[in-house]
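For the record, in the sequence shown the residue sitting at position 97 is 96 according to numbering that gives the first Met the number 0, with numbers rising by one throughout.
Ideal Cβ placement from N, Cα and C applies to all residues, glycine included.
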Amino acid sequence: MLAYAGQGRFEVEPLDVTALVLDMVERQRTVVAGKGRFDVVLAPYLPFVEADAAQMRQVLSNLITNAVDALAESGGVIGIRTKVMRVDGDAHALPFGQQALLRGTYAVVEVSDNGSGMSAETQARIFDPFFTTKFVGRGLGLASVLGVLRGHGGAIDVQSELGIGSTFRLYLPTLADDAVLHPPGVAPVDRRLEGEAGALILVVDDDAAVRNLATRIISRAGFTVRAAVDGVEAIQLLTELGPKVSLVLLDMVMPRMNGEATLREIRRLTPSLPVLLTSGYSEEVAAHRGAAGGHVAFIQKPYRAASLVMMIRHLLDTSVSAREPFASA
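Below, the structure written as structure tokens:
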């Protein structure tokens, strides 16, 4: 009920909506697989918002679950879209008794399905507490979604037609213009380090979902990124690219050549190259950091987008003047 009233307690932080959406798509892929498939189209740039990440995950989880439930037994498509919307001049009115969207910039996330759709009568009640078209006990989902959006100064809208499907749109106000580009705690990228395209980061992780997510986060921060599926491929790329690589984001648990062996080889090739170790097990890394030389840091999985970028910037800033020549293979 507190969530519905928009009075829930939130732990807000600068949030990368694109990273959040990608994470939720991976989390929900097995849920969707039984009845349909995802069709994901993301905006090339989406400003940061200030939000409670856990609450936003729950919001997207509720909407995706509802979309799956709406699909026919023969299957269907769940669309995920993101975009930026600017409200200028007069406020932009939305239904469901909410305040209108005020002047400003909003990150918009759409969750759609081509399922059963809803009648006008159902649409008028779907955000009411305890209203449900499902079994008893499933009635607070959309009411809490509405409350969470209200609590974040945002809103939700829906379009639906029987037999055609439904589209829910989430509107979240973005951070102020200067904070949109560089959220608090995340220093702006100094493109002078490696020229016009920014510093080159090598991402090494055997988990495709994690690798792709990290690549996207780092790219959106202004860096150039290359990715490797394991230590063997990482060393091949490092040998090929040489001093062009400014930092390595290295997973510690991988097949063929694990993180420890990869780190030793990196140190042989370039002793002072900054390396950001990552793992779900912090104690696994502690034994190796001391023997790895300088310019090594650790970030534990799952990491936040802002934290990852901040750690990369810190390592680059503290090591750029101490880089040693690259050794030949």
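Residue pairing from DSSP places M84 in a beta bridge opposite Y105. Counting C-beta pairs with one atom in each stretch, the region 158-172 and the region 211-225 have fewer than three that are closer than 8 Å, which means they do not touch.
DSSP, read as helix, strand or coil, puts E25 in helix. Under DSSP, V202 shares a beta bridge with A226, L248. Distance from the CA atom of F297 to the CA atom of L275, rounded to whole angstroms, is 5 Å. Here DSSP, grouped into helix, strand and coil, assigns E49 to strand. For P13, the pairing in a beta bridge is given by DSSP as E49. Where A42 is concerned, there is no enclosing beta strand (DSSP E), because DSSP gives it neither an H nor an E. Remark: C-beta atoms of L240 and F167 do not approach each other more closely than 8 Å. Following the DSSP letters along the chain, one finds A260 in no beta strand (DSSP E) but inside the alpha helix (DSSP H) bounded by residues 258-268.
A check of alpha carbon separations from K34 across T17, T64, T223, A42 identifies T64 as the nearest.
Under DSSP, the beta-bridge partners assigned to T277 are D250, I298. Across the set V30, L246, S111, G279, the C-alpha of L246 shows the shortest separation from the C-alpha of D316. At the C-beta level, L212 and A50 stay beyond 8 Å of one another. In the displayed model, I125 falls within coil according to three-state DSSP, outside both helix and strand. The region 72-85 makes no contact with the region 198-207: fewer than 3 CB pairs, one atom from each, lie closer than 8 Å.
Straight through space, the alpha carbons of G103 and Q27 are spaced by roughly 31 Å.
Within its own chain, the residues whose Cβ lies closer than 6 Å to the Cβ of N113, once the five positions on either side in sequence are excluded, are G75, V76, G164, listed in chain order. The C-alpha of G230 lies about 21 Å from the C-alpha of L314. G75 carries a strand assignment under DSSP once its states are collapsed to helix, strand and coil. Counting every other CB atom within 10 Å of its CB across the protein chains shown gives Q54 a total of 16 or more, marking it as buried. In the DSSP assignment, S218 falls within the alpha helix (DSSP H) that extends over 207-219. Considering only L236, L41, V209, V244, the residue with the shortest C-alpha distance to A106 is L41.
L268 sits close to T238, with the two beta carbons spaced by under 8 Å. Sequence-distant partners of R36 (beyond 5 residues in either direction) whose C-beta falls short of 7 Å from its own C-beta, in its chain, are V76.
In the three-state reduction of the DSSP assignment, S111 falls in the strand class. Ranked by Cα distance from N257, the options E232, A154, Q122, K300 are led by E232.
Spanning the alpha carbons of L100 and G150 requires a straight line of approximately 13 Å. The beta-bridge partner set that DSSP reports for G162 is empty. Taking all protein chains in view, the Cβ of L272 is crowded by 16 or more other Cβ atoms within 10 Å, so the residue is classified as buried.
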